[in-house]
Amino acid sequence: MTRSITQTRLRVVLALSFIATLFMLLACQGKQPPSPTYKVGILQYVDLLADIEDGFKAGMAEWGYVEGENIVYLTRNAHGAIDDLDRLAQELLAEHVDLIVSITTPASLAAMRASAGTDTPIVFILVSDPVRAGLVASLKQPGGRITGIRDGGTATTGKRLELLTMMMPGIQRVLVVYSHEESLLPARDELRQAAAKLGLTLVEKQVYTTEEAIAVFRAVQPGEVDAIFVPSDGIILDAMDEITALATRAHLPYILPGKAPGALAFHGENVYQSGRQAASLASKILQGGDPATLPVELSKEFYLAIDLRIADAMGLTLSEEILVVADEVTK
Amino acid sequence: MRASATIQDTRSQRRYIPLATRLFILFSVAAVLPLTVSGVFGLTSNYNAQRRQVEALQQESAANIANRIDAYLEQIEAEMELTVGKWTAQTEASLPLLLRALLTFNRGFETLTLVDWTGQEIAKVSRYTLFTAQDLGNRAAAPDFVVVSQGQRYLGPVSLSQFEEPLVTLAIPVKDVRQDVVGALVAEVNLKFMWDVIAQVKIGTGGYAYVVDREGRLIAHRDASEVLQGQTLRHLAGVRAALQGQATTSWYAGLEKANVIGSYCPLRRADWFVLVESPHQEALANVYQTGILNLVALAATLGLAFLLGGYMVRSIVRPMKRLQEGVRLIGGGDLAYHIDLASRDEMGDLADAFNGMAAQLQQTLQGLEQHVTELKQAEAEREKLIANLEAQNAELERFAYTLSHDLKTPLITIGGFIGFLEKDTLNGDVEQVQRDMTHIQKAVARMQQLLDELLELSRIGRRVNPPQRISLSELAHQAAANLAAQLTARGVQVDIAPELPTVIGDPPRLREVFENLLGNAAKFMGEQPHPQVEVGARQTANETIFYVRDNGIGIEPQYHDKVFGLFEKLNPQSEGTGVGLAIVKRIIELHGGRIWVESAGAGHGSTFCFTLSTPAPVGQDLQDARPVNPVRNHHV
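In order, the protein sequence lines correspond to chains G and V.
Per the numbering used here, the first sequence runs over residues 1 to 331.
Per the numbering used here, the second sequence runs over residues 1 to 636.
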């Protein structure tokens with residue numbers, strides 16, 4: 001009897017192991033278990049750059065992070081108030097986010113300050129010179145818990161001024177309003193050098209707030225300047241309406257550093273694509289990648305776009321040259 | 001015996017392996033061996049085929065990517081050629097615009113520089129940077145110009161842009177209508193375009209491609225981070241093979257995966273190599289799957305072998321066990337055991353054979369047992385016979401002694417009186433002579449009587465009447481009638497039970513028994529005033545006991561056996577020879593019965609009891625039908 005029981009038991013074990021093997025084989029073909037829910041904080045500096053956020057989320061979705069399913073986004077927007085950035089960054093940290101996406105240099109610096117002493121990784125977007133801003137040790141080896149997508153920013157300041165002159169040959173005086181933001185000082189130097197090369201006169205105005213910028217733009221009299229140079233400066237960009245108003249009023253050409261609706265021209269990154277590009281880095285980090293070894297990338301799409309309808313509306317006649325050079329001309 | 005002991009030794013030296021295990025091993029080997037061999041052969045050929053296929057596919061992918069990159073480079077050159085062609089027909093003032101247009105036309109260009117035949121830059125535009133006339137320099141010593149001035153195209157080493165992205169310098173000569181080199185167009189081309197090319201080519205699910213330059217530096221990969229890290233991959237076996245122009249495929253630790261199959265393809269227009277790597281686990285998934293299937297089949301076969309083994313154990317070992325048990329039981333002596341095997345096969349036959357053998361054994365044994373019983377019976381009978389003979393012998397000796405003694409007495413008497421007779425005759429004493437004569441006659445008569453009775457006793461064993469069914473009551477009455485005078489003289493009252501059983505026997509002899517017993521009873525009444533004799537029977541469990549009871553003098557217990565001896569007389573003064581009861585005993589014994597006396601002692605009367613079995617007269621001379629000599633007158 002014992003023998004037959006043992007045999008039966010052995011047979012059962014054998015059958016079970018056979019089934020188990022089959023299941024294992026089937027299981028190997030199956031999918032991975034769903035990833036946990038991630039919490040990502042987005043720190044915005046100015047409203048104008050909302051596109052970046054959309055681009056980032058779209059990019060994340062491409063990497064398999066679907067909002068509401070396996071990822072949650074917490075957005076904090078300083079609406080141009082630089083002093084609020086630190087507080088907002090701390091708010092995000094208080095939420096125990098897995099990652100912070102900081103847009104612009106001031107936001108990135110605020111995020112770094114707020115997260116000092118933690119291991120919260122940060123991915124920046126629209127930072128002109130992360131090395132000089134002190135965010136990363138080098139582009140190849142960021143070395144810390146932050147990396148991201150840089151823009152042409154400072155390096156392309158001279159080019160943008162050149163393009164501005166190409167739009168309307170004969171420009172002499174160029175209005176440039178900039179904030180006290182330290183990280184933008186290199187760009188200002190660049191701009192001054194380029195102006196010298198091109199034989200232009202810069203009409204420089206320094207402001208501290210968007211309100212001051214608005215006031216400056218409102219105070220410009222027709223004939224006072226020939227063109228407006230818009231720096232890659234959040235405070236100034238938030239006075240967008242005043243810039244276009246002035247440009248229209250005084251028939252002044254201008255080129256924005258980034259895409260904005262209703263703008264005459266812009267030369268720079270497609271910020272939506274920059275956001276998308278940043279998602280790749282964010283995904284790598286969420287999957288365990290070390291920001292210290294993930295090189296800083298340059299925005300992939302960098303281009304000159306001109307909207308001739310706006311030019312017509314402004315009563316401007318743009319040079320043929322600029323239309324040849326422009327990557328995108330809207331007629 | 002010696003041979004079988006040796007066999008036993010060799011057997012015990014071997015390890016005991018149960019049949020089930022043997023069968024399992026046998027089945028397993030029978031099933032697994034061919035399966036393994038075919039599996040190994042199949043896997044090997046499958047592996048080789050799969051590997052060749054993977055290598056071919058990878059080679060194709062690498063070539064495909066290389067072609068695309070080459071095509072792109074070709075296209076860039078074509079665009080540059082086109083621009084240069086336009087230049088010869090253009091004025092110098094419009095040159096920057098021409099370059100700008102080209103810059104816009106293809107985003108791969110980062111900077112474009114036009115150089116005249118002396119090496120002097122005459123126009124320079126950049127996607128990101130502002131260049132003015134102040135920035136124009138002399139390239140006469142630059143390697144690109146050196147090469148291009150000889151009428152050849154130039155593709156420089158990979159360098160990094162201001163944004164630390166890989167760039168390559170591409171330069172083409174500018175020729176006039178006479179095909180003389182009049183200048184050069186130098187372009188810095190961003191290699192990011194290759195990243196997209198690579199990203200577009202799908203290599204399995206885990207495969208990937210990348211491009212290295214002649215230094216082994218990674219210049220294109222679908223993951224920008226990998227490229228931007230500025231890695232040099234000379235340590236990878238695949239990259240080394242490509243750089244050294246070795247076999248196009250190898251197994252090594254790849255860029256992303258630990259163990260890969262790699263293929264490479266050199267570009268035509270650059271000293272770069274496209275590498276394609278696939279994790280060999282994925283590339284050879286088919287082989288692995290086949291391997292796993294083989295293993296599963298192997299396991300299933302093993303399981304099947306096990307089940308079959310189990311079945312064989314059931315159908316062979318189990319009956320065998322029962323057979324073994326049966327044989328053990330039969331061997332232990334239980335010959336009636338029946339090995340019950342339903343299987344209709346050799347096992348069943350074996351069981352039947354065993355059962356037959358057991359039955360035969362049983363039969364033989366039973367015969368033997370019967371034989372032994374018979375032998376024992378014969379032995380017992382012989383013993384009995386011997387004892388009987390011995391008893392008879394002893395009796396005969398006693399008889400001879402008694403006879404000589406008893407016969408001597410009258411002889412002595414005779415002798416003595418003859419002496420007296422002689423003397424008395426000489427004396428002439430007639431009266432005395434007559435008395436002497438009387439004494440002598442008495443002694444002679446007594447001798448005569450003794451000899452007659454001896455004859456009678458000897459006749460009992462030999463002279464037999466044919467057995468008849470007779471009523472004992474009747475016989476008892478006849479006996480009493482024969483003794484009437486004697487009984488009456490003593491005043492004895494005889495009561496005979498009316499319904500004594502009927503028996504088969506020798507009537508005269510049995511009557512003689514009653515005559516003797518009744519006579520004895522009358523003789524030994526002593527001073528009994530109311531002498532009585534009762535003849536009856538009582539029934540016990542297995543026999544009928546007949547008795548003759550008197551209220552006479554009785555017999556002391558120590559004489560109960562002695563009374564049946566020859567010439568035994570308890571009272572020497574009593575009449576008779578002492579042969580009567582011996583005769584009675586002999587008759588009873590001849591009828592297969594026993595006789596004994598019951599008496600509480602002197603003065604308590606005596607009861608003579610006897611039994612009779614169905615008589616089987618043993619006499620040898622049945623033809624001697626002489627009527628039995630009546631002994632009614634001989635009373636002891």
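Backbone N, C-alpha and C fix where the C-beta goes; we use that ideal spot for every residue, glycine too.
Source: prediction; values computed, not measured.
Run through the DSSP bridge pairs and tell me what residue i is partnered with.
i        : result
V:Val533 : V:Val494, V:Asp550
G:Glu328 : G:Ala305
V:Tyr208 : V:Glu277
V:Pro266 : V:Phe273
G:Asp98  : In the DSSP output, where bridge partners are listed per residue, G:Asp98 has none listed.
G:His267 : G:Leu304
V:Trp251 : V:Ile261
V:Glu121 : V:Val115
G:Arg150 : G:Val127, G:Leu298
G:Gln206 : G:Tyr178
G:Pro231 : G:Pro231 is not bridged to any residue.
V:Arg469 : V:Ile504
V:Ile595 : V:Phe610
V:His221 : V:Tyr210
V:Asn138 : V:Gln120
Consider the C-beta atom of residue i and the heavy atoms of the ligand ATP; say whether any pair is separated by less than 6 Å.
i        : result
V:Gly536 : Looking for the ligand ATP in the displayed structure turns up nothing, as the structure carries no ligands at all.
Using beta carbons (cut-off 7 Å, strictly below), is residue i in contact with chain G?
i        : result
V:Ala101 : yes
V:Leu97  : yes
V:Pro279 : no
V:Tyr208 : no
V:Leu130 : yes
V:Phe193 : no
V:Thr21  : no
Let me see if you follow: with CB-CB separation under 7 Å, is residue i close to chain V or not?
i        : result
G:Ala194 : yes
G:Asp327 : yes
G:Val338 : An answer regarding residue 338 of chain G cannot be provided, because it is not within the stretch 1 to 331 covered by chain G.
G:Leu185 : no
G:Lys197 : yes
G:Gly30  : With a pLDDT of only 42 at G:Gly30, under the threshold of 50, the placement of this residue in the model should not be trusted, and no figure is reported.
G:Glu321 : yes
G:Leu135 : no
G:Leu139 : yes
Just to check my reading of the structure: residue i and residue j have Cβ atoms closer than 8 Å, yes? What is that Cβ distance to the nearest angstrom?
i        : j        : result
V:Thr129 : G:Ala155 : 7 Å
G:Val66  : G:Leu99  : G:Val66 to G:Leu99, Cβ: 16 Å. No contact.
V:Val597 : V:Thr607 : 7 Å
V:Trp87  : V:Leu95  : 7 Å
V:His280 : V:Asn259 : 5 Å
G:Tyr254 : G:Ile236 : Between G:Ile236 and G:Tyr254 the Cβ distance is about 11 Å, and since that is not below 8 Å, they are no contact.
G:Pro231 : G:Val176 : 6 Å
V:Asn482 : V:Leu581 : Actually they are not in contact, since the Cβ atoms of V:Asn482 and V:Leu581 sit about 18 Å apart, beyond 8 Å.
Next on the checklist: Check whether the region 261–277 of chain G and the region 152–162 of chain G are in contact - that is, three or more C-beta pairs closer than 8 Å.
Outcome noted: Under the three-pair Cβ rule at 8 Å, the region 261–277 of chain G counts as touching the region 152–162 of chain G.
Item to check | Members of the region 147–180 of chain G near chain V, C-beta cut-off 8 Å | outcome: Listed in sequence order: Arg150, Gly152, Ala155, Thr156, Gly158, Lys159, Leu161, Glu162.
Item to check | Segment contact, 8 Å Cβ cut-off, at least three pairs: the region 185–196 of chain V with the region 211–226 of chain V | outcome: Yes, the region 185–196 of chain V is in contact with the region 211–226 of chain V.
Next on the checklist: Please list, in chain order, the residues of the region 225–245 of chain V that have any C-beta partner in chain G closer than 7 Å.
Outcome noted: Against chain G - using a Cβ distance shorter than 7 Å - the residues of the region 225–245 of chain V are Ser225, Leu228, Gln229, Gly230.
Item to check | Touch test, the region 281–296 of chain V against the region 208–217 of chain V, Cβ-Cβ under 8 Å, three pairs minimum | outcome: The region 281–296 of chain V vs the region 208–217 of chain V: no contact.
Checklist entry - Closer than 9 Å, Cβ to any Cβ of chain V: which residues of the region 278–299 of chain G, in chain order? => result Taking 9 Å as the Cβ-Cβ cut-off against chain V, the residues of the region 278–299 of chain G that qualify are Ser280, Leu281, Lys284, Gly289, Thr293, Leu294, Pro295, Val296, Glu297, Leu298.
Item to check | Cβ pair count under 8 Å reaching 3, the region 165–174 of chain G against the region 217–229 of chain G | outcome: With a cut-off of 8 Å on Cβ pairs, the region 165–174 of chain G is in contact with the region 217–229 of chain G, counting three or more such pairs.
Checklist entry - Does the pairing of the region 125–140 of chain G with the region 76–91 of chain G give three or more beta-carbon distances under 8 Å? => result As far as the Cβ criterion goes, the region 125–140 of chain G does not touch the region 76–91 of chain G, which means the pair count is below three.
Checklist entry - At a Cβ cut of 8 Å, what residues of the region 197–221 of chain V count as close to chain G, listed as they run along the chain? => result Within the region 197–221 of chain V, no residue has a Cβ that lies closer than 8 Å to any Cβ of chain G.
Next on the checklist: Whether or not the region 311–321 of chain V and the region 342–361 of chain V are in contact is what I'm after, with contact meaning three or more pairs of Cβ atoms, one per stretch, closer than 8 Å; do they touch?
Outcome noted: Between the region 342–361 of chain V and the region 311–321 of chain V there are three or more inter-stretch CB-CB distances shorter than 8 Å, so the stretches are counted as touching.
Next on the checklist: What are the residues in the region 145–179 of chain V lying within 7 Å of chain G by C-beta distance?
Outcome noted: Here the close residues are Gln162, Phe163, Glu164, Glu165.
Checklist entry - Can you list, in chain order, the residues of the region 104–123 of chain V whose Cβ is nearer than 7 Å to any Cβ on chain G? => result Answer in chain order: Thr104.
Checklist entry - Would you call the region 53–72 of chain G and the region 179–195 of chain G touching, i.e. three or more CB-CB distances under 8 Å? => result No, they do not touch.
Next on the checklist: Any contact between the region 147–159 of chain V and the region 199–209 of chain V? By contact I mean 3 or more CB pairs, one from each, below 8 Å.
Outcome noted: Judged by pairs of C-beta atoms under 8 Å, the region 147–159 of chain V does not touch the region 199–209 of chain V, as fewer than three such pairs exist.
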